Amino acid sequence: MACVETSSEKWEMVIGLEVHAQIVSNSKLFSSASTKFGAAPNENVSLVDAALPGVLPVINSFCIDQAIKTGLGLNGDINLVSIFDRKNYFYPDLPQGYQISQYKHPIVSGGYIEIEIADGSARKINLERIHVEQDAGKSIHDQSAAKSFIDLNRAGVALMEIVTRPDMRSADEVSIFLRKLRSILRYLGTCDGNMDEGSMRADLNISLHRPGTELGTRAEIKNVNSIKFLVSAVAFEAARQIEILESGGTVEQETRLFDGATGETRPMRSKEDAQDYRYFPDPDLPPLVLKQSRVDAIRRTIPELPDAKTKRLQQEYDLPHYDATLIASEMEISNFYECALKTIKSPGKDEAKTLANWLLGELFALLKKHDKSISESNVSSENLAALVALIRTNVISGKIAKDVLEIIWDTGKHPAAIVQENGWRQIVSANEITVCLQKVLAQNVDKVAEYRDGKEKLFGFFIGQAMKETQGKANPQLLNEVLRKLLEKGE
Ligand code: ADP
Ligand code: MG
Numbered sequence: 016m017a018c019v020e021t022s023s024e025k026w027e028m029v030i031g032l033e034v035h036a037q038i039v040s041n042s043k044l045f046s047s048a049s050t051k052f053g054a055a056p057n058e059n060v061s062l063v064d065a066a067l068p069g070v071l072p073v074i075n076s077f078c079i080d081q082a083i084k085t086g087l088g089l090n091g092d093i094n095l096v097s098i099f100d101r102k103n104y105f106y107p108d109l110p111q112g113y114q115i116s117q118y119k120h121p122i123v124s125g126g127y128i129e130i131e132i133a134d135g136s137a138r139k140i141n142l143e144r145i146h147v148e149q150d151a152g153k154s155i156h157d158q159s160a161a162k163s164f165i166d167l168n169r170a171g172v173a174l175m176e177i178v179t180r181p182d183m184r185s186a187d188e189v190s191i192f193l194r195k196l197r198s199i200l201r202y203l204g205t206c207d208g209n210m211d212e213g214s215m216r217a218d219l220n221i222s223l224h225r226p227g228t229e230l231g232t233r234a235e236i237k238n239v240n241s242i243k244f245l246v247s248a249v250a251f252e253a254a255r256q257i258e259i260l261e262s263g264g265t266v267e268q269e270t271r272l273f274d275g276a277t278g279e280t281r282p283m284r285s286k287e288d289a290q291d292y293r294y295f296p297d298p299d300l301p302p303l304v305l306k307q308s309r310v311d312a313i314r315r316t317i318p319e320l321p322d323a324k325t326k327r328l329q330q331e332y333d334l335p336h337y338d339a340t341l342i343a344s345e346m347e348i349s350n351f352y353e354c355a356l357k358t359i360k361s362p363g364k365d366e367a368k369t370l371a372n373w374l375l376g377e378l379f380a381l382l383k384k385h386d387k388s389i390s391e392s393n394v395s396s397e398n399l400a401a402l403v404a405l406i407r408t409n410v411i412s413g414k415i416a417k418d419v420l421e422i423i424w425d426t427g428k429h430p431a432a433i434v435q436e437n438g439w440r441q442i443v444s445a446n447e448i449t450v451c452l453q454k455v456l457a458q459n460v461d462k463v464a465e466y467r468d469g470k471e472k473l474f475g476f477f478i479g480q481a482m483k484e485t486q487g488k489a490n491p492q493l494l495n496e497v498l499r500k501l502l503e504k505g506e
């Protein structure tokens, strides 16, 4: 996957990301204005955000704690001294005329995320740095033919810019990396990762080279706001750059825009127009100096993260790696799973696996059908556990359990009550099953003869008939055993 096959030789893609992640915080980075999503335009704007003369920024220490937590969670080094600079440029969305951002001295250096790629192998994606900066406002051009409007609700909202090294080699890796990053940030509670609300977006840097040679010249694609778009942008850019390189040209270092409607990128500005931002330390803000004790205290608040949780689920419950990874991918899913397991009396390996199957299979399908997340599930963890217990103790078959699950979803009733009301207890008496099968065989003498002549797939037909007879209540395993014996015996 890492290499793109072409008519001549192989090209390798080299990709680095700059991810902008909005910090979860009730108020902005340097003002007390709210950050609530969906507010009316300009409802969340303080004098600082509107950059009125004479106002001064004050660092929101909660946002800094969040950035420290993120750095620790992503295995980075926390710099005890970091500096806020002014990045100067004119933009209608930016009333200050500069963005306050960390430049040479970011709060976090280094770090990494381990991802698992399609073939199951692990890859380490290194991080360059994480710095903290302000977001800008938004211009609105589509409400009037004559006027443009400005909404400053986002102006001054705290962002973390998470910059990776050029360590990714395919669109797949980009998508796996972003999902993993989002999962960790959600566990940490430092970014909600909602790309459709703009709380996470990425600049894509991509170049091509022959494996083993120096890195090529990169293009930067700004502000891509979904994983799907990132994947398309990688494909488009790789194809565009290959065409240039194979026809003997050189790729220009430039900034491009991605158009979601066409799936194409187009130039925005070239390196020659790269802006000189005249960075300098913001005189309104002293260097940010942290005590080691503050960093240590935050380290103690870091929850068990997805990788550690995956390992523990595998060890503690003997779950397959695939199941454990899926369950650990979101804290809400793993909480649901572990709560459910706790309600099962001395759960063993089989209970753990059956529960995982029902959670990841049937319940996930219901959630998807009703467009709900696990925390909005109509089926509680206790009820799912109780359903699994009924399956494991052979009270109901897996087939009936699917119907029971749907009824739990609709009514919230306990599964045992549903089974009772509907008379859905499984038939586990060998006698009862023998009588039923004898009846089925007697009604299908010709088919029995065909079966004995070698038409073995009729076995399934007899099973089907017996299931119909018992309204699906026969224990499937027992049914199989008894039928085999009856057919062998020649009865
Ligand atoms: P800038 O601030 O101008 O965007 P950086 O050196 O900070 O430049 O790099 C930004 C991003 O570009 C990083 O994510 C880095 O991994 C990536 N990058 C650097 N060199 C290459 C390259 N040759 N090909 C692809 N990506 C690259
Ligand atoms: Mg950049």
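The numbering used here puts the sequence shown at residues 16 to 506.
Where a beta carbon is used, it is the ideal one built from N, C-alpha and C, also for glycine.
As the structure is a computational prediction, the values presented were derived from the model and not from experiment.
Considering Cα atoms alone, identify which of the options is closest to residue i.
| i | options | result |
| --- | --- | --- |
| Ile128 | Arg144, Ser116, Lys119, Ala186 | Arg144 |
| Ile433 | Val455, Lys504, Glu471, Ala401 | Ala401 |
| Leu6 | Val96, Ile115, Val123 | Summary: the structure shown does not reach residue 6, with the chain confined to residues 16 through 506, and so no result is reported for it. |
| Val60 | Thr325, Pro110, Asp297 | Pro110 |
| Asn265 | Tyr294, Gly275, Phe244, His224 | Before going on, a small fix: residue 265 reads as Thr here, not Asn. Closest by alpha carbon: His224. |
| Asn372 | Lys383, Gly413, Arg233 | Gly413 |
| Arg510 | Leu67, Glu421, Arg499 | Outside the displayed span of the chain (16 to 506) sits residue 510, for which this structure offers no information. |
| Pro72 | Ile411, Thr316, Ile115 | Ile115 |
| Arg407 | Ala137, Ser308, Lys364 | Lys364 |
| Leu203 | Val39, Leu456, Ala431 | Val39 |
| Ile423 | Val394, Cys451, Gly438, Val246 | Val394 |
| Ala481 | Lys462, Phe52, Leu456 | Leu456 |
| Gly135 | Ile348, Thr340, Asn41, Asn398 | Thr340 |
| Leu62 | Asn75, Ser47, Pro301, Leu193 | Ser47 |
| Cys78 | Asp386, Gln37, Tyr113, Gly231 | Gln37 |
With a 10 Å radius around its C-beta and 16 neighbouring C-beta atoms as the bar for buried, classify residue i as buried or exposed.
| i | result |
| --- | --- |
| Thr280 | buried |
| Tyr352 | buried |
| Asp338 | buried |
| His336 | exposed |
| Tyr104 | exposed |
| Lys472 | exposed |
| Gly69 | exposed |
| Tyr409 | In the sequence on display, residue 409 carries Asn and not Tyr. Exposed is the call here. |
| Met16 | In this prediction, Met16 scores a pLDDT of 43, lower than 50, which makes its location untrustworthy; the coordinate-derived value is nonetheless stated afterwards. Answer is exposed; the Cβ neighbour count stays below 16. |
| Met283 | exposed |
| Ser214 | buried |
| His35 | buried |
| Leu67 | exposed |
| Ala380 | exposed |
| Ala217 | buried |
| Leu303 | buried |
| Pro362 | buried |
| Gly126 | buried |
Would you kindly report the start and end of the unbroken beta strand (DSSP E) that includes residue i?
| i | result |
| --- | --- |
| Trp26 | 26-37 |
| Met215 | 215-224 |
| Tyr113 | 113-117 |
| Ser285 | 279-285 |
| Tyr127 | 127-131 |
| Gln149 | 137-149 |
| Asp297 | Asp297 -> no beta strand (DSSP E), and no H or E assigned at all. |
Which residue marks the beginning of the alpha helix (DSSP H) containing residue i, and which one marks its end?
| i | result |
| --- | --- |
| Thr270 | Run containing Thr270: none in the alpha helix (DSSP H); it sits in the beta strand (DSSP E), 269-274. |
| Ile423 | 413-426 |
| Val403 | 396-407 |
| Ile242 | 242-261 |
| Phe351 | 346-358 |
Determine, for residue i, whether the minimum Cβ-Cβ distance to residues of chain D falls below 8 angstroms.
| i | result |
| --- | --- |
| Trp424 | Structure shown: chain D not included; a single protein chain is present. |
At least three beta-carbon pairs within less than 8 angstroms, the region 149-158 to the region 180-192: In this structure the region 149-158 does not touch the region 180-192; the number of beta carbon pairs closer than 8 angstroms is below three.
Inter-stretch contact at 8 angstroms, needing at least 3 Cβ pairs: the region 316-326 / the region 194-214: Taking a cut-off of 8 angstroms for Cβ pairs, the region 316-326 and the region 194-214 touch, as three or more such pairs fall below it.
Stretch pair the region 435-449 + the region 483-498: three plus CB contacts closer than 8 angstroms: Under the 8 angstroms Cβ criterion, the region 435-449 counts as touching the region 483-498, having at least three qualifying pairs.
Whole runs of the beta strand (DSSP E) within the region 173-206, excluding any shorter than 3 residues: Taking only runs of at least 3 residues, the beta strand (DSSP E) segments lying wholly in the region 173-206 are 173-179.
The region 252-266 contacting the region 23-34, beta-carbon criterion three pairs below 8 angstroms: Touching, yes, given that three or more Cβ pairs across the two stretches are closer than 8 angstroms.
Cβ contact (3+ pairs, closer than 8 angstroms) linking the region 50-59 and the region 167-174: Using a Cβ-Cβ distance cut-off of 8 angstroms, the region 50-59 and the region 167-174 are in contact, since at least three pairs of beta carbons, one from each stretch, lie closer than that value.
Three or more C-beta pairs below 8 angstroms linking the region 183-193 and the region 235-249: Enough Cβ pairs lie closer than 8 angstroms, so yes.
Residue ranges of each beta strand (DSSP E) within the region 62-108, 3 or longer: For the region 62-108, whole beta strand (DSSP E) runs of length 3 or above, ordered along the chain, are 99-103.
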